[in-house]
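Participant: Here it is, the structure, as structure tokens.
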Amino acid sequence: MSKNKIIKILNQASRTKEDLVYLLSFYDKDERQLIYDKSKEIRRKYIGNTIYLRGLIEYSNICAKDCFYCGIRANNKEVTRFTISDADVLKSAEYAYKHNYASLVLQSGEIISKAFTKKITSLLKQIHILTKNSLAITLSCGEQSLKTYKEWYDAGAHRYLLRIESSNKSLYKQIHPNNSKHNFDKRLAALYNLKKIGYQVGTGFMIGLPKQTVEDLADDLLFLKEFNIDMVGMGPYVEHIDTPLYASRNELLSQEKRYLLTLMMYALLRIEMKDINVASTTALDALNPNGRVEALDIASNVLMPNLTPLKYNENYHLYNNKPDSLHADKLVQYIEKHKHLHGNKIGFGEQGSSQHFYKRIHLKRTTIAKNKKES
Ligand code: SF4
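Going by numbering that gives the first Met the number 0, the first residue of the sequence shown is number 0, and it counts up by one from there.
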């Protein structure tokens, strides 16, 4: 009976919140497989079987914020802080260039200062010169002003990831300090600013947070649709011992359930938003050693080998048990090892822009042109 209902919902043109809540509640293997198969079918039909690479540089673990779930929050005094030298950033970028990744992500804690803005601008320019403008660069450096986002866009960053973490304002408040630095509306406004400038915009969530319901997760999926997002980076919530949210660890779903819920979110996201880019995030591997590979098999199309020099790596832990299984020098073995990846093609030399982004921009331009004609 439930199988017929699942198939009926999956074959609809789109799904309501009620439908999504229903689909998110399955832990039975056969029923889950129906949903995974639909996601796989859609992925192949709309975006093909290429897995794009994004070389990840964790540039700095210095952060001015104090998010309750994060291991590198400002108030965690157990962390050794670092910022990678320019020379090391350029070495990593050169590695990505020489190994044909075609794309880089520069990620850091949130620092708001003129010096930081200028530093990122300068690194962007140097990377483009060094790599002959051949790398697409994504930034993930938190909430910044419209002016800063524009400066970085002009310096050659055309993709930006800013995770909203939860689209439920009240849950957002529960996992952040109650002050102006951690304001849901400001974060949302930053996402709209990125879109206004012309970035390919990415956001995402944690799945399995204390007090989070399946209704919240269904709303998260609908939020992505409504925002018309181009890229998503989402993963299971994995607790960190040196954070305030660790005190709620007994309220969490088991690791297995959090993992399965996350895979289901990946599948439903692909079914709802057929042509976006979805990264297979590292946190999946913290709960299951094959996590990233399973997500790639079911729904995602972006893999992020870590290019952070090993000497810094151990100090960029947003959660406990962060896996080190995919440092860039192990990429070839990783691809060899995981049979699931063999049905897919690794997109060496391909920047792999979000197809959704191009369609969105095209639609915007044709609408403006049409409106001009009519006025
Ligand atoms: S989640 Fe991001 S903004 Fe929040 S403390 Fe961690 S690095 Fe800083």
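Even glycine gets a Cβ: it sits at the ideal position worked out from N, Cα and C.
(1) Could you round the C-beta distance between I381 and I136 to whole angstroms and report it? I think they count as a contact, below 8 Å.
(2) Tell me which residues share the same chain as L23 and place their Cβ nearer than 8 Å to its Cβ, disregarding the 5 neighbours each side in the sequence.
(3) Which same chain residues, not among the five before or five after N167, have their C-beta less than 7 Å away from its C-beta?
(4) Is it the case that the CB of A285 approaches a heavy atom of the ligand SF4 more closely than 8 Å?
(5) Can you tell which of E271, I240, H316 and I345 has the C-alpha that lies nearest to the C-alpha of V292?
(6) Figure out for me which residue from R162, E313, T79 and N48 has the closest Cα to the Cα of E349.
(7) Is any heavy atom in the ligand SF4 found nearer than 8 Å to the beta carbon of E30?
(8) I believe L160 touches G201 by the beta-carbon criterion, under 8 Å. Please report the beta-carbon distance rounded to the nearest angstrom.
(9) Report yes if the C-beta of A73 is less than 8 Å from at least one heavy atom of the ligand SF4; otherwise report no.
(10) Compute the beta-carbon to beta-carbon distance between N305 and F81, rounded to the nearest angstrom, for a pair I have assumed lies under 8 Å.
(11) For G203, is the beta carbon positioned less than 8 Å from some heavy atom of the ligand SF4?
(12) Within its chain, find whatever has a CB closer than 8 Å to the CB of R359; leave out the 5 residues flanking it on each side and keep chain order.
(13) Do K224 and E271 come within 9 Å of each other at the CB atom, strictly closer than that value?
(14) Could you give the C-beta distance for G54 and L89, rounded to a whole number, given that I count them as a contact under 8 Å?
(15) With C-beta atoms as the reference, is Y236 less than 9 Å away from L221?
(16) Could you tell me whether the region 232-247 touches the region 62-78, using the rule of 3 or more Cβ pairs below 8 Å?
(17) If we ignore side chains and look at the alpha-carbon of each, how far apart do K44 and L52 end up?
Facilitator: Walking through what the data contain:
(1) What the structure shows of the chain is the stretch from 0 to 374, and residue 381 is not part of that stretch, so it cannot be assessed.
(2) Same-chain partners within the cutoff: V213, L216, A217, L260, M263, M264 and L267.
(3) In its chain, beyond the 5 residues on either side, D215 and D218 have a beta carbon closer than 7 Å to the beta carbon of N167.
(4) For the ligand SF4, not one heavy atom lies less than 8 Å from the Cβ of A285.
(5) V292 has its Cα closest to that of I345, out of E271, I240, H316 and I345.
(6) Per the Cα distances, N48.
(7) E30: no, Cβ never under 8 Å from the ligand SF4.
(8) Taking a contact as a CB-CB distance under 8 Å, the pair L160 and G201 counts as one, their CB atoms being some 4 Å apart.
(9) The answer is yes for A73.
(10) The Cβ separation is near 15 Å, so there is no contact.
(11) No.
(12) Taking C-beta separations shorter than 8 Å and ignoring five residues to either side along the sequence, the partners of R359 in its chain run N227 and D229, following chain order.
(13) It is a contact, given that the beta carbons lie within the stated cut-off.
(14) Going by Cβ atoms, the distance from G54 to L89 rounds to 13 Å, so no, they are not a contact pair.
(15) Not a contact, by the Cβ cut-off of 9 Å.
(16) The region 232-247 is in contact with the region 62-78.
(17) Computed Cα separation, rounded: 20 Å.
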